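In our numbering, the protein residues as written are 804 to 1221. All C-beta atoms in this analysis are idealised placements derived from N, C-alpha and C, irrespective of residue type, glycine included. Quantities reported herein were computed from a predicted structural model and do not represent experimental measurements. Okay, so here's the structure we're looking at.
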C-alpha cells in the first residue's frame, strides 16, 4: 500500500493522536528493521545499557551554505555585533559565542500538553567554525524513551536554546516526558532561551496573516520548501511507522524537522540584523516595530533614536514614530516639541492616532501651553473623531466635561478682560 493510501486510511486517527497509546514491544537491541534504508540517510541505532533503543541521525552543512537569504557563517557576524552593544534585549547574544547556541525543535504525536502526547523526534543544530552539525534523536517505539532522552541529554553542552514557540510548547513538553522517567535520566540542565516566535510576531504581524514558521520562511526569509510534509500529518505518519517499521514516511518528517531547525539559524540572523540596524533592506515599518520593542523593554534612548530617524518620513511608519516620540517628549516635559508632532499626527494618522493626538493637544493647550481656543478646537476635533463610535462612550463623557470646563474658563477670561 502506498504512503498516500496509508495516510488516507489513517485519516480517522487525526483527532485521537494526542491520546493514542501504543503497546511497548520487547525486542532485542540487535533488531533494526530497514537498517540499510536508515543507514543510507545517516541514521544509526543508540542502545542504552538498560535495553532501551533509539535512532540518531547526524548530518553536516558547511558554513557557506545558503539557507534562504543568509549563509550560516553570518551567525558569527551578528553575534560579534551583539557583543559590541550595551543595550539589553531578549535576543541579545552579548556574552555568548555562536558555539553556545543550539537551535531546537521537536515533533510530537499531538499539539496537546498532557502526558498522552509523546515526543518522537528531538532535533537540534549547533554551529562551529567547522560548520553546522544537525542531530535528530528518533523514537522507534514507545519503549525507547529512556534512550531517546539519555542520548539527547548526553549530547547537549550549550548555554542557550533557540526555538520557535518553544517556551510554550517544545520545552514544557520535554519537561513533562522527562518527569515521567526522571529516575533513569540525568537532570535537565538550565538554559537561556531565545524564542523567535514572539520576535516574529512583534516585527511582522502587521503584514502576515499568521506567523507560523513556514509563512515567515516564505514571506520573510526566502526559504522555499519542496515536497514538504505538512506538520499536521506527522502524528499519522509516525503511527503508521510504528505499525510497519517502514521509514519512508518518517524520512519525510525528519526532512521537515531539519528545515525547521535550519530556518531557526536563518531567522535568528535576520532578526539580529533587524534589531542591530544592519539590514539595509529593512522597511520603515520594521524599523518602527524594532524601536517600539526597545521602548517596551525600557531601552528608551535606543527607541528614541529609532523614532527620531523615522519621524523624518511621512509614510505610515513615520506618523506612528511621531506619535510615539511625542509621548516620550511629553514625559520629558518638552511640551512644545510634543505638541508640534501631535499636530501632524492629528492630521495624518489613522483614526485612533488622530483621536489620541487631539486629546493630548487639548490637555497641553489647557494646562501646559495655555491657549483655550486651541484646546477647545482639539477637543471638538477629538469628539468628531468618535461621534459615531459607541465603544468610546466614556471618552465622550470626559471630552464633553473638558469642553464645558474650557468654555467656563474662556468666559471667565473674557469677563476679566472687559
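- [ ] Can you give me the start and stop residues for the alpha helix (DSSP H) that residue 860 sits inside?
- [x] From DSSP, residue 860 is part of no alpha helix (DSSP H) but of the beta strand (DSSP E) over 856 to 864.
Task: Supposed close pair residue 941, residue 860 - CB separation, criterion 8 Å - done: 7 Å
Task: Anticipated Cβ contact below 8 Å, residue 966 with residue 973, distance rounded - done: 6 Å
Task: Sequence-distant residues of its chain with Cβ nearer than 6 Å to residue 902 (five each side left out) - done: 931
TODO: Would you kindly check if the distance between the Cβ of residue 1026 and the Cβ of residue 1066 is under 8 Å?
DONE: yes
- [ ] Could you name the residues of the same chain whose beta carbon sits closer than 6 Å to that of residue 936, not counting the 5 residues immediately before and after it, in chain order?
- [x] 863 and 929
TODO: Could you tell me the distance, in whole angstroms, from the CA atom of residue 1036 to the CA atom of residue 1158?
DONE: 48 Å
Open item on the list: Am I right that residue 909 and residue 925 are in contact with their C-beta atoms under 8 Å? What's the rounded C-beta distance?
Closed with: 6 Å
Task: Buried versus exposed call for residue 1057 [16 or more other C-beta atoms within 10 Å across all chains shown] - done: buried
- [ ] Quick one: grab the DSSP three-state call for residue 1182.
- [x] helix
- [ ] Could you tell me the distance, in whole angstroms, from the CA atom of residue 947 to the CA atom of residue 843?
- [x] 22 Å
TODO: Check the C-beta distance from residue 1048 over to residue 837 and give it rounded, since I have them as a contact under 8 Å.
DONE: 6 Å
Task: Nearest-angstrom beta carbon gap, residue 1138 and residue 1172 [assumed within contact, 8 Å] - done: 6 Å
TODO: Give the straight-line distance between the Cα atoms of residue 938 and residue 907, rounded to the nearest whole angstrom.
DONE: 10 Å
Task: Minimum C-alpha distance to residue 1033 - residue among 1059, 997 and 1086 - done: 1059
Task: Rounded straight-line distance, which links the Cα of residue 952 to that of residue 914 - done: 20 Å
- [ ] Throw me the rounded Cβ distance for the residue 1109 and residue 1094 pair, which I believe falls under 8 Å.
- [x] 3 Å
Open item on the list: Could you tell me the alpha carbon to alpha carbon distance between residue 1092 and residue 1083, rounded to whole angstroms?
Closed with: 16 Å
Open item on the list: By the three-class DSSP mapping on this structure, what secondary structure does residue 771 have?
Closed with: This structure gives no information on residue 771, because the portion of the chain shown stretches from 804 to 1221.
TODO: Could you tell me whether the Cβ atoms of residue 950 and residue 857 are closer together than 8 Å?
DONE: yes
Task: Own chain partners of residue 1175 with C-beta closer than 8 Å, once the 5 adjacent residues on each side are dropped - done: 1168, 1169, 1209, 1212, 1213 and 1216
Task: Complete beta strand (DSSP E) runs within the segment 976 to 1016 (minimum length 3 residues, chain order) - done: 995 to 998
Open item on the list: Between the alpha carbons of residue 1161 and residue 1153, how many angstroms are there, rounded?
Closed with: 12 Å
Task: Coarse secondary structure for residue 1189, derived from DSSP in three states - done: helix
Task: Where residue 1034 falls: helix, strand or coil (DSSP) - done: helix
Task: Assigned secondary structure, residue 1115 (DSSP; H/G/I helix, E/B strand, else coil) - done: coil
TODO: Please report the Cβ distance between residue 878 and residue 1072, rounded to the nearest whole angstrom; I am assuming they are in contact, meaning their Cβ atoms lie under 8 Å.
DONE: 6 Å
TODO: State the Cα-Cα distance for the pair residue 1000 and residue 894, rounded to the nearest angstrom.
DONE: 12 Å
- [ ] To the nearest angstrom, report how far apart residue 1051 and residue 1128 are at their CA atoms.
- [x] 56 Å
- [ ] Pick out the complete beta strand (DSSP E) segments inside the segment 913 to 972, 3 residues or longer, and give them in chain order.
- [x] 922 to 931, 934 to 941 and 963 to 966
Open item on the list: Quick check on residue 868: does DSSP put it in helix, strand or coil?
Closed with: coil
Open item on the list: Less than 8 Å between the beta carbons of residue 1142 and residue 1164, yes or no?
Closed with: yes
Task: Beta-bridge pairing of residue 908 - partner residues as DSSP gives them - done: 926
TODO: Using the Cα positions of residue 845 and residue 1054, report the straight-line distance between them to the nearest angstrom.
DONE: 11 Å
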